[in-house]
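Here this note's numbering is used: the first residue of the sequence shown is 253, the next is one more, and so on.
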Amino acid sequence: MSKLFEMPLVLGTVAFLAGYVLAKLGALLSRKAPEAPPPSDRDKRLRSLDAELRVVRKKLEEAEAAVRDREMQNGELRAELDELRERIGDANEETESLRLQLRDECEKTQQLRTELSQRAEDEIRAQMRLREIETELSLVHAGNDAVQDEIQRLEAERDELMRRLQAQSPGAAQKRDDDLAVS
């Protein structure tokens, strides 16, 4: 039983010693460092310059990042500008090609108009010549009809004279017919 009574005593002693060590250790750790002398103007100036240096470095990093972004944007814009210049060049070439085609088509149209007006003039001349020929033909036809009428009238008159002649002398009419047949 003695061990049973000794155990709490040993535990109490160990706990007391542990508390004492921890208290001393806590006191040592929590002890304030000796107060430093108040900062001098030089120290204040150094701290101020150090703070300004940090601010300037941060601004420099931000500015460098902005410059990199701008350079990237500038590169993209230059690529876009080159592409647009190429497109403009292609458009100018196409415009010039279309202008040449339009000029050629205008020249062809002018030639066709000239040819058409020439043909129209030729057609008008041909119509006028046709009218003249029709007029001449109608005159010739009228003259031909008049000659035919005269021939028919003369034949009728000859036939009439032949009948009269035959009625007056039958032998002389025969001789007359033979003379007419020979000539």
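Backbone N, C-alpha and C define an ideal beta-carbon position, used for all residues, glycine too.
Only a predicted model underlies this, so the values are computations on that prediction, with no experimental measurement involved.
If you reduce the DSSP assignment to three classes, tell me which class residue i lands in.
i      : result
Ser292 : coil
Asp297 : The question names Asp, yet the displayed sequence has Arg at residue 297. Arg297: helix per DSSP, three-state reduction.
Arg283 : coil
Ser390 : helix
Ser369 : helix
Ser421 : coil
For residue i and residue j, what's the separation of their Cα atoms in angstroms?
i      : j      : result
Glu332 : Leu354 : 32 angstroms
Val266 : Ser282 : 24 angstroms
Glu402 : Glu386 : 23 angstroms
Gly327 : Leu352 : 37 angstroms
Ser292 : Ala303 : 17 angstroms
Asp373 : Glu384 : At residue 373 the sequence reads Glu, which differs from the Asp that was named. Their Cα atoms are separated by approximately 16 angstroms.
Ser300 : Pro290 : 16 angstroms
Thr366 : Arg405 : 57 angstroms
Glu323 : Glu338 : 22 angstroms
Cys358 : Leu350 : 12 angstroms
Asp295 : Glu313 : 27 angstroms
Glu346 : Thr361 : 22 angstroms
Asn396 : Leu364 : 45 angstroms
Check whether the Cβ of residue i sits closer than 7 angstroms to any heavy atom of the ligand GDP, and report yes or no.
i      : result
Pro290 : The ligand content of the structure shown is nil, which means the ligand GDP is not present either.
Give every residue of the same chain whose Cβ lies closer than 6 angstroms to the Cβ of residue i, excluding the five residues on either side of it in the sequence, and list them in chain order.
i      : result
Asp321 : none
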